[in-house]
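Remarks on the structure that follows.
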Amino acid sequence: MTALLAIFGAACSGKATTTSSTGGDAGDSGPFYPRPPGACPPGAGPPLAGARVPLQHRPTPACCPSQRGPAPSGQPYPTCPAAPGSVCPSDSATTCSSDSECTSGVNGRCFPFEGLVGPGGCSYDECFTDSDCGSEATCLCRRSSTDNSANVCVRGGNCVVDSDCGDGGYCSPSVEQSCLFPSPYFCHTANDTCTDDSDCPSVDAGPFSCSVLTPCAYDPGEQRWACTQLTCCPP
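Per the working numbering, the very first residue in the sequence shown carries number 80; after that it's consecutive.
Right under this line is the structure:
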């Protein structure tokens, strides 16, 4: 599956609503799924005045593509009739075999096996705009309507858009101690020691397969942005 990247879309027109899988009224029982919004108006508005503007920040709410590319070709993957590891890496490779089997949510796509990243299975869009995700959670959009990644809700931050951070404030994605998961968003503060990754000196990792990153990230303990180190190794 295409790696998730933070994409800062233009604001959606109106508030996204949800609908049941059966298409019934709001009072019907059963699961509720996000509904794709209408057309997104172009433009993100003028930059906020005040402190230095981070390269990555969120002036407006997310407005994600409602279309989604198909799962990778070459499916279904081989089944695992014997013990795990004897034919293919895991029995979970048989969770689904085609996109048409993924009908429990919106824009279902089948990823029977995701290597060492995860067990695989059906993947669904969780959101199309931030209001689908609840308080202080952002909707991370796929890169385009042909990308097969899911739109997902990202929780754990303290802001959704720049205006949540006060006058002249900025809300930016901050890496956590993981190279695989999407980044939550945090407000910049007056006590920050960095604004962008370029403010942080690089580190020579030596002749190893792992990469040592030195991003500018939010430190929950210090409650400010500072340079940190993150070691990422291939799965």
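Ideal placement from N, C-alpha and C gives every residue a C-beta, glycine not left out.
The beta carbon of S262 is closer than 6 Å to those of P252, S253, V254 in its chain, skipping five residues each way along the sequence.
When the Cα atoms are used, S214 and D204 turn out to be separated by approximately 18 Å. The beta carbons of R137 and D241 sit closer together than 7 Å. If you compare the alpha carbons of N227, T225, V231, S202 with that of D211, the shortest gap goes to V231.
Per DSSP, T208 lies in no beta strand (DSSP E) segment and is marked neither H nor E. Residue burial annotation: G236 is buried, with at least 16 other C-beta atoms found within 10 angstroms of its C-beta. Per DSSP, A296 is one residue of the beta strand (DSSP E) stretching across 295-298. Its chain contains C220, R221, S223, S224 as the residues whose beta carbon lies nearer than 7 Å to that of P144, once the 5 sequence neighbours on both sides are disregarded; these appear in chain order. In this structure, DSSP gives S202 an extended state, which the three-state scheme calls strand.
C312 and L292 do not touch by the CB rule: their CB atoms are close to 12 Å apart, not below 8 Å. In this structure, the beta-carbon distance from P191 to C175 falls below 7 Å. The beta carbons of C273 and C238 sit about 18 Å from each other, so the pair does not count as a contact at 8 Å. Inter-residue distance for G245 and C279 is about 26 Å (C-alpha atoms, whole angstroms). Looking at the DSSP output, L309 sits in a beta bridge with L292. Positions of the beta strand (DSSP E) runs, each at least 3 residues long and wholly inside the stretch 238-276, are given as 250-252, 264-266 in order along the chain. T307 and C206 have their alpha carbons spaced roughly 30 Å apart. With contacts defined as CB atoms closer than 7 Å, P133 and D243 fail to qualify as a contacting pair.
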